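Everything below concerns the one structure shown next.
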Amino acid sequence: MPAPSASLDGAPTAARSGRAARILWPLGLVVAAAPFFMESPFYVHLAILTCLNVVIVSGLSLIARTGQLSFGHGAFVGLGAYGAVVTGMQLGWPFWLAALAGTAIACLCALVIGWVILRLRGVYFVLVTFAFAELVRLVMLDWPDITGGANGITGIPAAELFGFAFDTRHRFYGLALFCAVAVIAFGLRLSRIPAGHAFEAVEQNAALAEASGLNVHRIQVRAFVMGCGIAGFAGALLAHYVGFVSPESFNLSLSISAIVMLVIGGRHSVWGPLIGALILTPLPELFRAAVNTQHIFYGAALILILRFLPDGLASLPARLRRARTGG
Amino acid sequence: MGALLRVENLSKSFGGLAALRDLSFEVEQGAIVGLIGPNGAGKTTAFNLISGTMRPSAGRVWFRDIDITGGPPSRVVRLGLARTFQHTSIYPKASVRENVYRGAIARLGTSMFDQLRGGSRTREGLSRLHAQVDEVLEIMGLEAHRDTIAGALSYGQQKRLGVAIGLATQPTLLLLDEPAAGLNPEESAEFGRLLRGLRERLGLTMLLVEHHMALVMDLCERIVVLVQGARIAEDTPAAIARHPAVIEAYLGAEEEDHAAG
Numbered sequence: 023m024p025a026p027s028a029s030l031d032g033a034p035t036a037a038r039s040g041r042a043a044r045i046l047w048p049l050g051l052v053v054a055a056a057p058f059f060m061e062s063p064f065y066v067h068l069a070i071l072t073c074l075n076v077v078i079v080s081g082l083s084l085i086a087r088t089g090q091l092s093f094g095h096g097a098f099v100g101l102g103a104y105g106a107v108v109t110g111m112q113l114g115w116p117f118w119l120a121a122l123a124g125t126a127i128a129c130l131c132a133l134v135i136g137w138v139i140l141r142l143r144g145v146y147f148v149l150v151t152f153a154f155a156e157l158v159r160l161v162m163l164d165w166p167d168i169t170g171g172a173n174g175i176t177g178i179p180a181a182e183l184f185g186f187a188f189d190t191r192h193r194f195y196g197l198a199l200f201c202a203v204a205v206i207a208f209g210l211r212l213s214r215i216p217a218g219h220a221f222e223a224v225e226q227n228a229a230l231a232e233a234s235g236l237n238v239h240r241i242q243v244r245a246f247v248m249g250c251g252i253a254g255f256a257g258a259l260l261a262h263y264v265g266f267v268s269p270e271s272f273n274l275s276l277s278i279s280a281i282v283m284l285v286i287g288g289r290h291s292v293w294g295p296l297i298g299a300l301i302l303t304p305l306p307e308l309f310r311a312a313v314n315t316q317h318i319f320y321g322a323a324l325i326l327i328l329r330f331l332p333d334g335l336a337s338l339p340a341r342l343r344r345a346r347t348g349g
Numbered sequence: 096m097g098a099l100l101r102v103e104n105l106s107k108s109f110g111g112l113a114a115l116r117d118l119s120f121e122v123e124q125g126a127i128v129g130l131i132g133p134n135g136a137g138k139t140t141a142f143n144l145i146s147g148t149m150r151p152s153a154g155r156v157w158f159r160d161i162d163i164t165g166g167p168p169s170r171v172v173r174l175g176l177a178r179t180f181q182h183t184s185i186y187p188k189a190s191v192r193e194n195v196y197r198g199a200i201a202r203l204g205t206s207m208f209d210q211l212r213g214g215s216r217t218r219e220g221l222s223r224l225h226a227q228v229d230e231v232l233e234i235m236g237l238e239a240h241r242d243t244i245a246g247a248l249s250y251g252q253q254k255r256l257g258v259a260i261g262l263a264t265q266p267t268l269l270l271l272d273e274p275a276a277g278l279n280p281e282e283s284a285e286f287g288r289l290l291r292g293l294r295e296r297l298g299l300t301m302l303l304v305e306h307h308m309a310l311v312m313d314l315c316e317r318i319v320v321l322v323q324g325a326r327i328a329e330d331t332p333a334a335i336a337r338h339p340a341v342i343e344a345y346l347g348a349e350e351e352d353h354a355a356g
């Protein structure tokens, strides 16, 4: 069940989730804090990527919550990254302003194309987002004066806020963790306010939502703009962490891995992006030797989840509970 | 001010096929009007045109003297004209209460940012909304099922939930597309009582498409008869039952003498 109805349904669910929370909150705190004490740069690196993926996939989940699937999510990460890097390095804007500019550019592009293409449904929308992503990639490649073309842009300085530079892995992990937590908190808050309920109404029965006075097109555009803006913001962070951007950093495989994380984690839960990113960010890195079979693994996992657990791993506790009570 | 709803010369063709031709009628405030006709007469098309789901090929729709021709539906609903669907339309995965609540959300009218920060306008609006949702559940006799997942309701209950979602938008005029379809005569009679109660309690005006003749004759003050996209009669139920063109359309010409006599 989606979170909002659970929150409305009252006592029994609240009591159950209260018990789970007593175990999960301390566990989450330990896991989140652990990278601060890790010496291995590789593990801290993985933790940072996981946090950034949480942000990226949460953006995608906002779009999915109104019933649309974007195949161009990676391109919006790229727009945010390039937007922040170009305004930061060529115009000399401070990090926070540059990141804001990158986010705004992603939002603006999402608004323009979303307004036009969100009248399309299902596979047509998916195809147009895919085409848009290719367009963005080609622009990045063929506009070398600004984007550095195929070589990309190197030497991006570390993020800096109020004179504090996030120039070590541990420091940057702090920033990435804060953003991941903030995005999830935003998602939780959204799922409890009327606007979030409207999102779910649109996803589950668009005709009925429209007949209930909800402007389906405007709601979908709003979710698309917010989701793409979050992706753009994650792109700005990513660029300032890695120190390098190129068109290939934001190609189709980024869009696909975001979708895979969302589906495996759970499309209908705020926690889905967290679960998906936690599991699927480290996996390919740990199985570097199996890089050729990685996509086979992704495909198989996707099929298995869609067949047996369509609401992803986030729905597993509720599933098990129902199985136990024999419901 | 004229009638609550005025339909003027409404026409709609799909390709070369005229689904509706030059339909005009009015619905007065507080009335219950029936729209009947054989299958394919254009009743659902008329509903789609009035509610703004489709744009007519010609003609106008006036609601409270506002031109609502061509929608969009969400705007028409916010003006106070709601509809229910022929094939019961609910959110099957959400609780009954959540279903009705989603029908009411659009009336809140506060920005997402005010909602996010829990502003006073949102909080006051929400407590009002929740009270209205409870009232709708009570009126439609669904309060015992408020926490049930809507998909688990019986067919008849789902039909009532469909009407409840429409009521949650607080309409002045409710369009009901075959509210009693698939119900047995007993359930259908009960649905009729329920609808009449809505008018008494909420002052609701209703326009319904229905095949159950007993229900239509019992409930409606006026009936508009459509045949092949055109209006052939509009009158009181008693007069419609004796109307030769209606009898011919429904029963065939050879039955005419018998039925009229």
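Chains as they are written, first to last, in this note's numbering: chain A, 23 to 349; chain B, 96 to 356. Note that the Cβ used here is the ideal one computed from N, Cα and C, for glycine as well. Note that this is a predicted model, so its numbers are computed, not measured.
- Around the beta-carbon of Thr-331(B), fewer than 16 other beta-carbon atoms lie within 10 Å, marking it exposed.
- Residues of chain A with a Cβ closer than 7 Å to the Cβ of Leu-269(B) do not exist, since the nearest Cβ in that chain sits about 11 Å away.
- The beta carbon of Ile-260(B) falls within 8 Å of a beta carbon belonging to chain A, placing the residue at that interface.
- Boundaries of the alpha helix (DSSP H) harbouring Ser-215(B): 215 to 234, taken from the DSSP string.
- The beta-carbon of Ala-126(A) is placed no less than 8 Å from the nearest beta-carbon of chain B.
- A contact between stretches requires three or more CB pairs, one per stretch, nearer than 8 Å, and the segment 252 to 266 of chain A fails this requirement with the segment 143 to 150 of chain A.
- Rounded to whole angstroms, the gap between the alpha carbons of Leu-115(B) and Ala-136(B) is 8 Å.
- Within chain A, the C-beta atoms nearer than 7 Å to that of Gln-210(B) come from Ile-215, Pro-216 and Ala-217, in chain order.
- Between the C-alpha atoms of Thr-264(B) and Arg-212(B) there is a straight-line separation of about 25 Å.
- Think of a sphere of 7 Å around the beta carbon of Arg-211(A): the chain B residues whose beta carbon falls inside it are Leu-211, in chain order.
- Chain-order list of chain A residues neighbouring Gly-198(B): Ser-234, by C-beta distance under 7 Å.
- Among the CB atoms of chain A, one or more fall inside 8 Å of the CB of Lys-188(B).
- Taking 8 Å as the upper bound for CB-CB distance, Gly-96(A) and Phe-272(A) are in contact here, some 5 Å apart.
- Shown here, Gly-154(B) sits in a strand according to DSSP, grouped into three states.
- According to DSSP, residue pairing for Ile-161(B) in a beta bridge involves Phe-158(B).
- Within chain B, no residue has its CB atom less than 9 Å from the CB of Gln-316(A), the nearest being about 34 Å off.
- Interface annotation, Ala-103(A): not in contact with chain B, CB-CB separation never under 8 Å.
- Contact between Ser-146(B) and Leu-176(B) holds: CB atoms are separated by about 7 Å, below the 8 Å threshold.
- In chain order, Ala-233, Ser-234 and Gly-235 make up the part of chain A whose C-beta sits under 7 Å from the C-beta of Val-172(B).
- Shown here, Lys-254(B) sits in a helix according to DSSP, grouped into three states.
- Taken atom to atom, the span from the alpha-carbon of His-240(B) to that of Ala-123(A) is near 50 Å.
- Annotated as proximal: Ala-344(B) and Ile-327(B), with beta-carbon spacing under 8 Å.
- In this structure, the beta-carbon distance from Val-99(A) to Leu-276(A) falls below 8 Å.
- Three or more beta-carbon pairs separated by less than 8 Å link the segment 178 to 196 of chain A to the segment 58 to 69 of chain A, which places the two stretches in contact.
- Judged by DSSP in its simplified three-state form, Met-301(B) adopts strand.
- Take the alpha-carbon of Leu-144(B) and the one of Met-301(B): they are about 16 Å apart.
- Using a C-beta cut-off of 8 Å, the segment 297 to 311 of chain B makes contact with the segment 122 to 132 of chain B, since at least three inter-stretch Cβ pairs fall below that distance.
- Burial state of Ile-241(A) is buried, judged by a 10 Å Cβ sphere holding 16 or more other Cβ atoms.
- Assignment of Thr-125(A) by DSSP, reduced to helix, strand and coil, places it in the helix class.
- Annotation: Gln-253(B) to Ala-276(B) spans about 12 Å, alpha carbon to alpha carbon.
- Listed by position along chain A, the residues whose Cβ is nearer than 8 Å to that of Ser-184(B) are Asn-227, Ala-229, Leu-230 and Ala-233.
- The Cβ-Cβ distance between Val-282(A) and Leu-300(A) does not fall below 8 Å.
- Here Ala-180(A) has Ala-187, Phe-188, Asp-189 and His-262 as same chain residues with Cβ atoms under 7 Å from its own Cβ, once five neighbours each way along the sequence are excluded.
- Rounded to whole angstroms, the separation of the alpha carbons of Gly-334(A) and Pro-295(A) is 10 Å.
- The contact set of Thr-264(B) on chain A, defined by CB atoms closer than 7 Å, consists of Ser-234 and Gly-235 in chain order.
- Listed along chain B are Arg-197, Ile-200 and Ala-201, each with a C-beta nearer than 8 Å to that of Ala-220(A).
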